[in-house]
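S.K.: This is the structure I have questions about; it appears just below.
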Amino acid sequence: MMSPLPIQSRPFEIQLSECYLPKSIFQCDLLLVVNNQSDYNEIKSWRKLAKSLKLKLNIWNTSLYRAFNLSHVKMDGKSLLEDFRGKTIFFYIIVFKR
């Protein structure tokens, strides 16, 4: 009997990501914009820094939501601009190299 041979192998990446929490649920002071190349430990450091300053941090993952657009209207009917007017937004995005 012949032994089985692989016909095709396709590597793929799985990303575990938390969702953005809308303003109606989570009042935050800072927004950290990341992508799937952003380092987990670096994000933890941002959280730790925010906590030490007694600020609340929310995360927007451009890989999960496909982009970052301040006029994007979320499911709660509000835009990111409405959520973060007068607040601070940090961008920690790793540029993709092809």
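All letters in the sequence shown, in the order written, are residues 1 to 98 by full-length UniProt numbering.
Note that CB positions come from ideal geometry on N, CA and C, so glycine has one too.
Would you give the residue range spanned by the beta strand (DSSP E) that F90 belongs to?
M.R.: Start and end: 88 to 92.
S.K.: From L49 to S17, what distance separates their C-alpha atoms?
M.R.: So the two alpha carbons sit approximately 20 Å from each other.
S.K.: State the Cα-Cα distance for the pair V95 and V34, rounded to the nearest angstrom.
M.R.: Each residue's alpha carbon lies about 11 Å from the other.
S.K.: How would you call C28, buried or exposed, if buried means at least 16 neighbouring beta carbons within 10 angstroms?
M.R.: Result: buried.
S.K.: Would you say L55 and N69 are within 9 Å of each other, going by their C-beta atoms?
M.R.: Cβ distance not < 9 Å, so L55 and N69 don't count as in contact.
S.K.: What are the start and end residues of the alpha helix (DSSP H) that includes I43?
M.R.: Segment 40 to 52, the alpha helix (DSSP H) holding I43.
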